[in-house]
Amino acid sequence: MDVQKALDIIEKWNFFYGQRAGRELWGDKPTDVQNQDIEDFKRDLDYIRQFMEELQQYRQVGTVEECRTDRKRSTPIPVMINGGVYKCPSCGTGRSVKHRYNFCPKCGQAIDWSKMREGEV
Ligand SMILES: [Zn+2]
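The sequence shown runs 497 to 617 under the working numbering.
And the structure:
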């Protein structure tokens, strides 16, 4: 889906349906009612336009799957320690506890050292 194409379509609707077609279709309504209908229509279009512009900003950050993966990686996960060794809770890379990285050097997973536990790694 192309957000800019959708925004262009909304602009076209605004021109054709919000003004010309609106007045033709509702010609029997009083002018103040027509004006209110057109104003409501433009307000709704503006809402959709703003929503899509916001969506476009999110899409520039990355795909939904990429954002989900990044969010998961940036949420610290506690590690299990055994015999001075720990494994990254995401990729499983083993390291000595002498090197307490806050983020796994291999996969970028955030590591929560405040909740580390002794156990099988
Ligand atoms: Zn890792």
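Beta carbons are placed, not taken as given, at the ideal position from N, Cα and C, and that holds for glycine.
A distance criterion of 8 Å places the beta-carbon of Thr589 in contact range of ligand 1, judged by its closest non-hydrogen atom.
Per the coordinates, the alpha-carbon of Lys602 lies some 13 Å from the alpha-carbon of Arg596. Every alpha helix (DSSP H) stretch that sits fully inside the region 504 to 562 and reaches 4 residues is listed by chain position as 517 to 521 and 527 to 557.
Proximity of the beta carbon of Lys602 to ligand 1 is indicated: a heavy atom of the ligand is located closer than 8 Å. Residue side-chain check: Ser586 places its Cβ nearer than 8 Å to a non-hydrogen atom of ligand 1.
Just so you know, the alpha carbons of Lys594 and Val581 end up roughly 9 Å apart.
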